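Here the structure is laid out as structure tokens; the discussion comes afterwards.
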Amino acid sequence: MAAATSFRLPPLPTVRDLIKLYKLRALRQLSQNFLMDERITDKIVKAAGKIHNHFVCEVGPGPGSITRSILKKAPKKLVVVEKDARFLPTLELLKEASGSHVDMVIEIGDIRSYNFEVGFEKAPSSDWFGAPPPIHLIGNLPFSVSTNLIIRWLEAISEKKSAWSFGRTSMTLTFQKEVAERIVAPVTHKQRCRLSVMCQMWCDVNHKFTIPGKAFVPKPDVDVGVVTLHPLKYPLVNLPFKMVEKVLRTFFNTRQKLCNKGADRLFPEEMRGELGPKLFSLADVNYRVRPFEITTEEYARICFAYKLICEEHPEVEDYNFRATKKTVAV
Ligand code: SAM
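Numbering-wise (the working numbering), the sequence shown opens with residue 18 and increments by one.
Have a look at this one:
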């Protein structure tokens, strides 16, 4: 007989009741907004795909609504990483309720310093070019943390480190709706920005659905987008992350101007006349367009052309337009 792919948690007080019981007032400084509707938390977990018998890390579980939906799918192991120790009793309750069905581990700390290699020590690794490993990161984090985190995680993906030392670990995360739209924005879209290109260079991204702000307690001022990110087998660039980040930041700093204006700022003033046009010609990209009109593939070629130029002119790599501006100002 096939093993059950889900299990029913024993009767528990509702999350709403637990919040009252333990006086878990949402802290503004931690941007806490809680989900109470099980249909929504089930939908978030469904967006992550198959997690039964897999290894899952939930970031920022809070009082544990999404945690309940994850546990019902009976993953092999669930690590929850929560910064606010006040949630320990509600998380302990869930750990107890899941008994021997799920190996649940509670970590009180900051996700930014969490060591996935330890947490997923027993998880099987898979070849980067094969099927993804049975590992998922799921979370409804404060917006400021999730945007910052995705940049750090893209860097880890580019280096195949941390949760990506096991293979192409997938992510299902919430963002402010506008940020979710930016992440998936295609070329020419009004929301297209540096974050869109960065995410799309390393991941297949999908805005799965939007949760109205009114579904949260307390209600945030904005709606929330649920986004999945699946690392690509063949990232569009295979260059140092910081180099790609620098090129894209420089281009998008002059979003409404033609690209050559922004691109020039990659080079010391006396070299711009020569190296600006050279960058576009090496990359075979038209410079008479604005930064959001360049495709992700074209950006990959621009980054590669920049790397070639840096090899020919090593002083270019350390050149920082902003730093020179500051020096002039002083
Ligand atoms: N997942 C719960 C839900 O959907 O109801 C809570 C969501 S609340 C928006 C974000 C949670 O992330 C809070 O519990 C907060 O304490 C936690 N958190 C904030 N920053 C964190 C960090 N750097 N590392 C881990 N958890 C964090």
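Note that CB positions come from ideal geometry on N, CA and C, so glycine has one too.
From a predicted model like this one, the values you see are computed outputs, not experimental measurements.
Query	Result
For K100, tell me which candidate among E124, N255, V234 and K178 has the shortest Cα-Cα distance.	E124
Quick one: what's got a C-beta closer than 7 Å to R211's C-beta in the same chain, skipping five residues either side?	L265, R266 and F269
Restricting to runs no shorter than 4 residues, where is the alpha helix (DSSP H) found entirely within the stretch 227 to 278?	258 to 269
Ignoring anything shorter than 4 residues, give me the alpha helix (DSSP H) runs that lie fully in the stretch 79 to 123, in order along the chain.	82 to 89 and 105 to 115
Please name the residue in T313, D54, A340 and P235 whose C-alpha comes closest to that of D221.	T313
Flag this pair as yes or no: are the beta carbons of R85 and L108 separated by less than 8 Å?	no
Compute the Euclidean distance between the alpha carbons of L26 and E75, then round it to the nearest angstrom.	18 Å
Under 8 Å by Cβ, that's how I've got G79 and Q49 pegged, so tell me the actual separation to the nearest angstrom.	6 Å
Of all the alpha helix (DSSP H) runs that stay within the bounds of the stretch 134 to 202, which reach a length of 4 or more residues?	160 to 176 and 194 to 201
So is the beta-carbon of V62 under 7 Å away from any non-hydrogen atom of ligand 1?	no
For S142, which residues of its own chain have a beta-carbon under 7 Å away from its beta-carbon, when the five flanking residues on both sides are left out?	P150, F183 and G184
Could I get the ranges of all uninterrupted beta strand (DSSP E) runs contained in the stretch 285 to 347, with 3 residues as the minimum, in chain order?	none
Measuring alpha carbon to alpha carbon, tell me which of L166, C320 and P28 ends up nearest V261.	C320
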